[in-house]
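> 594 is the number of the first residue of the sequence shown in the working numbering; add one for each residue after it.
For every residue, glycine included, the Cβ atom is placed at its ideal position computed from N, Cα and C.
A quick note: this is a predicted structure, and the numbers were derived from the prediction, not measured.
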Amino acid sequence: MSTDAQDTSSHEDKVDSVPVGETIESVQEHNEAPPVLPPRSDSKPLPPQPLSFSLSDGISKISAIRQVEIYSSPQFHETSDLFVNNILGNDTKDKVDSLKSESDESIQYWISIIEDYSNQFLKDNEGIEQLEQKIVTGIPAEVRYLVYLKTLQVRYKLTSKETFSGLLTKAKYNGGKFEYIEKSSVADSNTKDLLTVLDYLVNQVSKNNTQVESLRTNLSKFIINCASVINQISNFSSEEKLYVLLKLNKLYTNLIKQELFYKINRSLEDQLSDVFKHITFQGINLNTLYKEILGNFFIDYFEDFGVNLKILDFVIFEGFDFILRIIIWVFTINQSKILQLEGDELLGLIHSKELFTGPVNFQDILNIQPIEIIKYENEFHLIHANSFNSNRNELTNLREINDDLMIKVNELNQKIDTLQTTHQEIMNQSKEYEEQLTKVKLENETLVQVKSELNTKYEELTMKENLQNTIKANKEFSQRNNELQQQVDEVKLRIEEMKAKLSKVSPVPVESTN
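#1: I'd like the list of long-range same chain contacts for A1093, defined as Cβ closer than 6 angstroms, with 5 residues on each side in sequence excluded.
#2: Indicate the three-state DSSP secondary structure (helix, strand or coil) for F676 in the structure shown.
#3: The alpha helix (DSSP H) that contains L760, what's its start and end?
#4: Which residue marks the beginning of the alpha helix (DSSP H) containing L839, and which one marks its end?
#5: Report the rounded CA-to-CA distance for I1064 versus N1075, giving the unit in angstroms.
#6: Taking its Cβ as the centre, do 16 or more other Cβ atoms sit within 10 Å of T803, making it buried, or is it exposed?
#7: So, L644 versus K716, is the Cβ gap smaller than 8 angstroms?
#8: Who are the near neighbours of N927 in its chain, counting only those whose CB is closer than 6 angstroms to its CB and skipping five residues on each side?
#9: With a cut-off of 8 angstroms on the beta carbons, I'd call D781 and N824 a contact; round off their distance for me.
#10: According to DSSP, which residues form a beta bridge with K750?
#11: Looking at Y836 and V747, is the spacing between their C-beta atoms short of 8 angstroms?
#12: Inspect the beta-carbon positions of C819 and L905 and report whether they are closer than 8 angstroms.
#13: Could you pull the start and end residues of the alpha helix (DSSP H) that F915 belongs to?
#14: Closer than 6 angstroms by C-beta to F669: which residues in its own chain qualify, once you throw out the five before and the five after it? Chain order, please.
#15: For P667, name the three-state secondary structure that DSSP assigns.
#16: What span of residues does the alpha helix (DSSP H) with T1113 cover, start to end?
#17: Whose C-beta lies closer than 8 angstroms to the C-beta of W703 among residues of the same chain, with five residues either side of it excluded?
#18: Taking contact to mean at least 3 C-beta pairs separated by less than 8 angstroms, is the stretch 864-881 in contact with the stretch 940-954?
#19: I'd like the span of the alpha helix (DSSP H) that includes E885, first residue to last.
#20: Can G888 and K785 be called in contact, C-beta distance under 8 angstroms?
#21: Within the continuous alpha helix (DSSP H) that includes R859, where are the two ends?
#22: Between T756 and T1011, what straight-line distance do the alpha-carbon atoms span, to the nearest angstrom?
#23: Looking at C-beta atoms only, is the number of pairs between the stretch 888-903 and the stretch 948-962 that lie closer than 8 angstroms three or more?
#24: How far does the alpha helix (DSSP H) with N971 in it reach, from first residue to last?
#25: How big is the Cα-Cα spacing for F646 and S656?
#26: Is the stretch 851-868 close to the stretch 969-977, with three or more CB pairs under 8 angstroms?
#27: Would you tell me roughly how many angstroms separate the C-alpha atoms of I1088 and N1048, rounded to the nearest one?
#28: If we count the other Cβ atoms within 10 Å of its Cβ and call it buried at 16 or more, is G936 buried or exposed?
#29: Judging by CA-CA distance, which residue of Y773, L794 and S753 is the nearest neighbour of N767?
#30: Looking only at its chain, what residues have a beta carbon closer than 6 angstroms to the beta carbon of N901, apart from the 5 residues adjacent to it on each side?
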């Protein structure tokens, strides 16, 4: 049988087996397998999952993820026409690429953080712990700005027409009020220039570059002190320092300070209840202390630049909740000293730098883990949402004014103490000088008397000497006269002898010369 016959027979068999209600074409569709698709060469990995945290997560993870959300929020972007978008410029890419050849393990770690644009290293606790340990070890100077750039999500730069020096010139000739910067604790001229440009950018109206007096706000102490730290960081240009300060200024401006203070108080109450009760029983307002610490943190409490720099690193990555942990740690290491004092002595200790003396143990600070931080935040907002006080805003303003006045009072008290100490030192020195002057006067009177006596003795000695000299001279004259008289006598004797000889020779008598 031929091949065609076999195919026809087979086809007929197939036709005979077609179920009722189906056509031949439909049966063929069932019997034929679908074609094999070629492999996808352009397959893309699944997009990274968004960062999230749960109530059981530690404060480090919660704070770090929140900071990522804060930096990406619209109010943290610059809208001024002085800036242009710069998500990741070629200069930044070149810096990252040039550092990839470095063999330093620490640099390679931070490069991986810089290139982790979705911040997946924050998804688990191990990544958070490794990040904190690397910050404690220290961010290398070569990558610090790149780390700040990526973490703070600085996605802009000055336009090609603008420079830092140009903005500084505009700020100085734009009628801005920068006296408070000159009167601040900042001594470095470069830092003052940095703050002047920052003030100009914060208070300017982008449309016409004029300043509205009613909307003007001075830079906070926190930012002024941050500028002192940032200005000391190497490998930062003036523009780069300005970008970082703009972000930090927005971070501080948008901070709900009363919420932070409430969280600190609740953390103290839960973790150091004895210390918290002892302080509150003395009628001490800790909110005033927190505000003072927050304003003067980077200048009055830690003199070591390396310590201040690491604290700034932690604030950038974890926000102001890290300041909360530092304050809890400070009260922990000083709790025995606090419990021994009362009244003004306790108030003086709390508002002094003595609380922050000694080495800073970052590992102990990281071990401070307020586990109910979200609960505290919910409590704070619930209290304010259910408040029946219609004058709540006015009361809040009055409290803030009171806190500011208390800070100023404490500063004035410290200045008074310093002046009193200086006054006491001056009085002690004056007393010493007076005693020395009295002693010198007595010595002078004694010396004058001795001088008078010596003059008298000198005069007496001079008279005696003159008398002796006169007597000696008289004796010498007398002796000389005697010698001369003797010579005269000898001459007379010779003359007489000569006369006698002549009288013998001549018959004429020689008349006597007498």
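Taking the geometry as given:
#1: Start at 1 with the first residue of the sequence shown, and residue 1093 comes out as number 500. If we look at A1093 and ignore the five residues flanking it on each side, it has no Cβ neighbours.
#2: The residue you call residue 676 lines up with position 83 of the sequence shown. F676 falls in the strand class under three-state DSSP.
#3: Working through the sequence shown from its first residue, we reach residue 760 at position 167. Start and end: F757 to K765.
#4: Sequence index remark: in the sequence shown, residue 839 carries index 246 (1-based). Element bounds for L839: S831 to T846.
#5: The residue labelled residue 1064 in the question sits at position 471 within the sequence shown. The residue labelled residue 1075 in the question sits at position 482 within the sequence shown. Looking at the two C-alpha atoms, the distance is approximately 16 angstroms.
#6: Residue numbering aside, residue 803 sits at position 210 when the sequence shown is read from its first letter. Reliability fails at T803, whose pLDDT of 49 lies under 50, so the model's placement of it is uncertain and no value is given.
#7: Translated into positions along the sequence shown, residue 644 becomes position 51. Translated into positions along the sequence shown, residue 716 becomes position 123. For L644 and K716, yes; Cβs fall inside 8 angstroms.
#8: Locating residue 927 in the sequence shown gives position 334, counting from the first residue. Cβ neighbours of N927 beyond the five flanking positions: L948.
#9: Here the question's residue 781 lines up with position 188 in the sequence shown. Here the question's residue 824 lines up with position 231 in the sequence shown. 6 angstroms between Cβ atoms; contact.
#10: Taking the sequence shown and counting its residues from 1, the one referred to as residue 750 is at position 157. Its beta-bridge partners are V677.
#11: Indexing the sequence shown from 1 puts residue 747 at position 154. Indexing the sequence shown from 1 puts residue 836 at position 243. Against a cut-off of 8 angstroms, the Cβ pair of Y836 and V747 comes out as a contact.
#12: Mapped onto the sequence shown, residue 819 falls at position 226. Mapped onto the sequence shown, residue 905 falls at position 312. Contact flag set, yes.
#13: What you label residue 915 is simply residue 322 of the sequence shown in a count that begins at 1. Segment D914 to I926, the alpha helix (DSSP H) holding F915.
#14: Here residue 669 corresponds to residue number 76 of the sequence shown, with the count starting at 1. These residues qualify, in order along the chain: K843.
#15: Position 74 of the sequence shown, counted from the start, is the residue given in the question as residue 667. In this structure, P667 counts as helix in the three-state DSSP scheme.
#16: Since the first residue shown for the chain is 594 and the last is 1107, residue 1113 is missing from the structure and cannot be characterised.
#17: Residue numbering aside, residue 703 sits at position 110 when the sequence shown is read from its first letter. Once the five neighbours on either side are set aside, the close Cβ partners of W703 are K727, I732, P733, V736, L739 and V740.
#18: yes
#19: Locating residue 885 in the sequence shown gives position 292, where the first residue counts as 1. Here the alpha helix (DSSP H) through E885 covers L879 to G888.
#20: Here the question's residue 888 lines up with position 295 in the sequence shown. Here the question's residue 785 lines up with position 192 in the sequence shown. Cβ atoms of G888 and K785: not closer than 8 angstroms.
#21: Position 266 of the sequence shown, counting from 1, holds the residue named residue 859. K850 to Q864 is the span of the alpha helix (DSSP H), which, as asked, contains R859.
#22: Numbered from 1 along the sequence shown, position 163 holds the residue referred to as residue 756. Numbered from 1 along the sequence shown, position 418 holds the residue referred to as residue 1011. Taking the straight line joining both Cα atoms gives about 43 angstroms.
#23: yes
#24: As a first step, residue 971 is located in the sequence shown; it is residue number 378 there, counting from the start. N971 -> alpha helix (DSSP H) spans I966 to A978.
#25: Position 53 of the sequence shown, counted from the start, is the residue given in the question as residue 646. Position 63 of the sequence shown, counted from the start, is the residue given in the question as residue 656. C-alpha separation (whole angstroms): 10 angstroms.
#26: yes
#27: For the purposes of this step, residue 1088 is taken as the residue at position 495 of the sequence shown. For the purposes of this step, residue 1048 is taken as the residue at position 455 of the sequence shown. If you take the alpha carbons of I1088 and N1048, they lie about 58 angstroms apart.
#28: Your numbering for residue 936 matches position 343 in the sequence shown. Per the 10 Å Cβ criterion, exposed.
#29: In the sequence shown, counting from the first residue as 1, residue 767 sits at position 174. Of Y773, L794 and S753, the residue nearest in Cα terms is L794.
#30: Within the sequence shown, numbered from 1, the residue matching residue 901 stands at position 308. Same-chain partners within the cutoff: V822, F891 and F895.
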